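Trainee: Structure provided below as structure tokens; questions to follow.
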Amino acid sequence: MAFLDDLKKFGKNITDKGKDVIEITKLNSQINAEKDKIKETYSKIGEEVYKAYKEGQSSAYDELCAQIKEMEDKINELQAKVLELKNAAKCPNCGAEVAKDTAFCSKCGAKLN
Numbered sequence: 001m002a003f004l005d006d007l008k009k010f011g012k013n014i015t016d017k018g019k020d021v022i023e024i025t026k027l028n029s030q031i032n033a034e035k036d037k038i039k040e041t042y043s044k045i046g047e048e049v050y051k052a053y054k055e056g057q058s059s060a061y062d063e064l065c066a067q068i069k070e071m072e073d074k075i076n077e078l079q080a081k082v083l084e085l086k087n088a089a090k091c092p093n094c095g096a097e098v099a100k101d102t103a104f105c106s107k108c109g110a111k112l113n
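If you read the sequence shown in the numbering used here, its first letter stands for residue 1, the second for the next number, and so on.
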């Protein structure tokens, strides 16, 4: 009978361990969700600081904002080169990529040059 009692205890321990693993997984998932919320909030803070910078409001983050502006300018320059290689342009109304010889934007219907 002792063998069966030991077997029951072993089974109970495995069940308890399984429940613990499930609970730990749930808790880790909640922790990661909270960390994602923090990252999202950091991003929102950064967006607000950059908006203020673009509007000419001075802050302690002007240097970083200037770096972002340089990166955006570089991205725009590179995108222009890509469009040139594709013989395409951007629609001035919606920003969609259109062929240079197109009269109207296929996305929004705006008249092109």
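Beta carbons are placed, not taken as given, at the ideal position from N, Cα and C, and that holds for glycine.
Just so you know, these numbers come straight off a predicted model, no measurement behind them.
What does the alpha-carbon distance come out to for the pair E77 and A96?
Mentor: Roughly 17 Å separates the two Cα atoms.
Trainee: Is A33 near the ligand ADP, going by C-beta to nearest heavy atom under 6 Å?
Mentor: Questions concerning the ligand ADP fall outside what the structure shown contains, since it holds no ligand whatsoever.
Trainee: Which same chain residues, not among the five before or five after D62, have their C-beta less than 8 Å away from its C-beta?
Mentor: Around D62: Y53.
Trainee: Just to check my reading of the structure: C91 and V82 have Cβ atoms closer than 8 Å, yes? What is that Cβ distance to the nearest angstrom?
Mentor: In fact, because the Cβ distance is near 16 Å, the residues do not count as touching under 8 Å.
Trainee: If you draw a straight line from the alpha carbon of S106 to that of A80, how long is it in whole angstroms?
Mentor: About 20 Å.
Trainee: Check K12 in the structure and name its three-state DSSP category.
Mentor: helix
Trainee: Is the Cβ-Cβ distance between A110 and N87 less than 7 Å?
Mentor: Contact check for A110 against N87 fails: the beta carbons are separated by 7 Å or more.
Trainee: The beta strand (DSSP E) spanning K100 covers which residue range?
Mentor: Run containing K100: none; DSSP gives neither H nor E here.
Trainee: Is A52 helix, strand or coil by DSSP?
Mentor: Looking at A52 - three-state DSSP - the assignment turns out to be helix.
Trainee: Grab me the residues of K44's own chain with a C-beta within less than 6 Å of its C-beta, minus the 5 sequence neighbours each way, in chain order.
Mentor: Once the five neighbours on either side are set aside, K44 has no close Cβ partner at all.
Trainee: Under 7 Å between C-beta atoms, does N76 make it to chain C?
Mentor: As a matter of chain content, chain C is missing from the structure shown, which is built from one protein chain.
Trainee: What number of angstroms, rounded off, separates the C-alpha of K74 from the C-alpha of Q30?
Mentor: 39 Å
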